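Take a look at the structure below.
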Amino acid sequence: MHLTSHPAWDSLTDQAETLPHLSELFEVDPQRAEKFQIEAAGLFFDYSKNLITEDTVKSLIELANAAGLRDRIDAMFRGDKINITEDRAVLHTALRAPRTASVKVDGVDVIPEVHEVLDRMAVFSNRIRTGEWKGHTGKRIKNIVNIGIGGSDLGPVMAYEALRHYTDRSLTFRFVSNVDGTDFAEATHDLDPSETLFIISSKTFTTLETMTNAATAREWSLAGLGGDASAVARHFVAVSTNAEKVSAFGIDTANMFGFWDWVGGRYSMDSAIGLSNMIALGPDHFRDMLAGFHEMDEHFRTAPFEQNIPVLHGLLALWYNDFFGAQTIAVLPYEQYLKRFPAYLQQLTMESNGKHVQLDGTEVDADTGPIYWGEPGTNGQHSFYQLIHQGTRLIPCDFIAFAKSLNPLGRHHDLLMSNVFAQTEALAFGKTLEQVEAEGTPSALAPHRVFEGNRPSNVIMGEKLTPAALGRLVSLYEMSVFTQGVLWNINPFDQWGVELGKVLAQRIIPELESTGEPDLKHDCSTNSLIRRYRKMKAL
Ligand code: F6P
């Protein structure tokens with residue numbers, strides 16, 4: 111059944127039209143804050159400043175039940191092949207399950223393999239961190255460059271930045287993703303090849319960008335190491351599911367760290383794809399991060415929906431997306447270390463839920479996947495918040511903050527946090543014309559100074575940004591995305607939408623590289639762009 115024909119959908123439509131202003135909702139219910147706050151899995155979630163009543167939450171949960179969310183959660187954790195378009199299990203949760211757990215895919219328990227790889231990663235990370243692993247010329251490795259893109263880059267970059275406080279500062283970490291040569295050139299321009307290790311991270315080991323950058327890295331290394339091909343073994347390791355391609359590239363599979371087809375690219379930062387993070391943080395911190403993921407996974411798997419942070423978070427995203435026409439959600443970390451978190455979330459959320467058909471192939475009948483975007487606060491306040499406060503669009507916001515700073519400097523942290531609370535207050539309650547006029551504002555100016563308020567936000571607060579806290583936070587969003595996907599009855603685990611452009615680019619490459627004029631058979635716009643490019647580059 112399409113959820114849009116469920117009675118709860120009609121009820122939500124009515125509720126969205128008749129909801130009083132947030133100011134009124136708070137005024138009539140002094141207990142509102144406690145009613146809509148949850149403390150679980152090490153995070154405090156305040157969702158009281160949303161455009162909801164208790165009935166709204168009830169109706170949203172009714173929809174979740176009608177969509178079979180409980181069964182879908184169980185099916186995912188159990189290892190059922192819920193990624194039906196690729197016939198795969200979806201088991202990123204197994205990557206952070208303890209050694210004592212047991213999860214079977216095709217009758218085989220995957221947990222021992224997961225821990226075997228983690229243990230190998232730990233040994234290797236320690237060898238780099240202690241200097242035991244030497245480069246080809248006998249020098250210690252000081253620089254680690256991760257080459258990967260999408261899920262093989264965004265997670266590692268985000269986590270490296272997020273947990274920089276905990277990293278070994280004597281090592282330099284760089285991340286190369288773009289096929290634009292500038293990315294590689296700038297990442298390596300000040301590095302010594304004899305002290306540099308490349309981690310080639312690619313689930314498929316076929317991705318154009320990564321393979322191009324990997325080949326350039328090999329040339330760069332060999333050129334700096336006297337051209338001896340045996341140097342590759344000391345300066346290149348691979349993270350992949352494709353051993354054959356890894357060996358074909360010239361990397362010994364003894365230096366390969368594997369993962370499995372049941373780990374989606376955008377759900378892989380806690381697999382061997384996190385090798386650069388484990389080297390930076392050390393195995394213990396990496397394991398703490400996995401424990402944080404697991405804590406939130408367990409909360410999501412077991413808590414009743416009324417008390418379940420990711421479920422409610424996901425339902426609220428659907429609420430604004432489908433009943434208020436909100437197209438975007440802003441994610442606003444008030445934590446400088448989380449500066450790459452919104453970029454990371456963009457792949458997680460939009461590659462997962464940017465889908466137009468349901469599991470059975472029929473068109474969806476409600477809008478899916480909201481657009482996620484954001485920047486750290488307070489910087490964003492001096493940039494795009496104007497539109498959130500006074501623009502004509504409804505933009506639900508997630509504020510993410512921590513009670514303790516990792517860099518407690520004077521008054522900085524209280525000033526930062528005062529802005530979190532002030533922003534959510536301003537968004538919810540605004541400032542009326544009467545209030546503006548009462549301040550003596552000239553009447554011509556008064557309308558410009560009015561804040562309508564009634565703009566929703568969540569606050570997600572932790573004690574301190576630790577590896578475990580990051581794990582909890584990422585799992586929260588992963589499970590929120592899953593919840594949304596289940597309600598829309600779509601497959602959040604495939605990404606066919608990225609294929610067409612890749613195929614067309616393969617066709618165009620020879621047309622750009624050929625010495626003779628190619629016989630172009632595209633539309634007239636594409637043909638003329640290719641001709642113009644060929645002419646301009648020849649000048
Ligand atoms: O952009 C498509 C995609 O397949 C992502 O899902 C994935 O994270 C990325 O490319 C990189 O893929 P790989 O790890 O196989 O190089």
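The numbers in the numbering used here rise by one with no breaks, and the one at position 45 of the sequence shown is 155. The C-beta atom is built at its ideal place from N, Cα and C for all residues, glycine as well. This one's a predicted model, so the numbers in the text were calculated from it and none came from an experiment.
Asked                                                                                                         : Found
Residue interval of the beta strand (DSSP E) (run including GLY368)                                           : 366-368
When ASN323, PRO266 and ALA427 are compared against PHE396, the one with the closest alpha-carbon             : PRO266
Close beta carbons around GLN457, own chain, < 7 Å, minus the five adjacent residues each side                : GLY260, GLY261, LEU264 and ARG376
Opposing strand residues paired with TYR270 [DSSP bridges]                                                    : In DSSP, TYR270 forms no bridge with anything.
For VAL218: DSSP bridge partner residues                                                                      : VAL215
Helix, strand or coil at LEU153 [DSSP, three-state]                                                           : strand
GLU461: CB within 7 Å of a non-hydrogen atom of the ligand F6P                                                : yes
Local Cβ density within 10 Å of LYS313, reported as buried at 16 or more and exposed below that               : buried
Simplified DSSP state of ALA177, which is helix, strand or coil                                               : coil
Cβ-based burial, TRP651 [other Cβ within 10 Å; buried from 16]                                                : Limits of the chain in this structure are 111 at one end and 649 at the other, which puts residue 651 out of reach.
Any 3 or more C-beta pairs closer than 8 Å across the region 463-472 and the region 509-529                   : no
ALA126 beta carbon less than 8 Å from that of PHE433                                                          : yes
ALA126, enclosing alpha helix (DSSP H) - first and last residue                                               : 117-128
Residue ranges of each beta strand (DSSP E) within the region 315-402, 3 or longer                            : 346-350 and 366-368
For LEU443, the three-state DSSP class (helix, strand or coil)                                                : Note that residue 443 corresponds to Pro in the displayed sequence, not to Leu. Strand.
Distance, THR593 Cα to ILE251 Cα                                                                              : 43 Å
Counterpart residues of CYS634 in DSSP-defined beta bridges                                                   : BP columns for CYS634 are empty, so no partner.
For SER133 and GLU223, the rounded distance between their alpha carbons                                       : 54 Å
Top-ranked residue by Cα proximity to THR459, from ALA648, TYR587, VAL220 and GLY611                          : TYR587
Boundaries (first-last residue) of the beta strand (DSSP E) holding MET571                                    : 567-574
Distance cut-off 7 Å: THR306 Cβ against heavy atoms of the ligand F6P                                         : no
Cβ-Cβ distance between ILE400 and VAL349 below 8 Å                                                            : What sits at residue 400 in the sequence shown is Leu, not Ile. Against a cut-off of 8 Å, the Cβ pair of VAL349 and LEU400 comes out as no contact.
Outcome for ARG521 when other beta-carbon atoms lying within 10 angstroms are tallied against a minimum of 16 : exposed
CB-CB length for TYR430 against PRO452, believed under 8 Å                                                    : Rounded, the Cβ-Cβ distance is 17 Å, inconsistent with contact.
Short Cβ contact (8 Å threshold) for LYS449 with GLU196                                                       : no
Residue interval of the alpha helix (DSSP H) (run including LEU307)                                           : Not the alpha helix (DSSP H): LEU307 falls in the beta strand (DSSP E), residues 306-311.
Assigned secondary structure, LYS145 (DSSP; H/G/I helix, E/B strand, else coil)                               : helix
Pairwise C-alpha distance: ILE619 and PHE531                                                                  : 51 Å
For HIS423, the nearest candidate out of SER381, VAL167 and LEU639 (CA to CA)                                 : VAL167
Those residues which DSSP pairs with ASP300 across a bridge                                                   : For ASP300, which the question treats as bridged, DSSP gives no partner whatsoever.
Nearest to ARG644 (by Cα), restricted to the options PHE494, PRO628 and SER635                                : PRO628
Closer than 7 Å: ILE259 CB and nearest the ligand F6P heavy atom                                              : yes
DSSP bridge partner residues for ASN256 (one or two, in chain order)                                          : PHE285 and ILE309
Cβ shell of ARG239 (< 8 Å), same chain only, five flanking positions each side left out                       : ASP278, LEU281, ILE389 and GLY392
The region 159-176 contacting the region 196-205, beta-carbon criterion three pairs below 8 Å                 : no
Boundaries (first-last residue) of the alpha helix (DSSP H) holding PHE136                                    : 132-138
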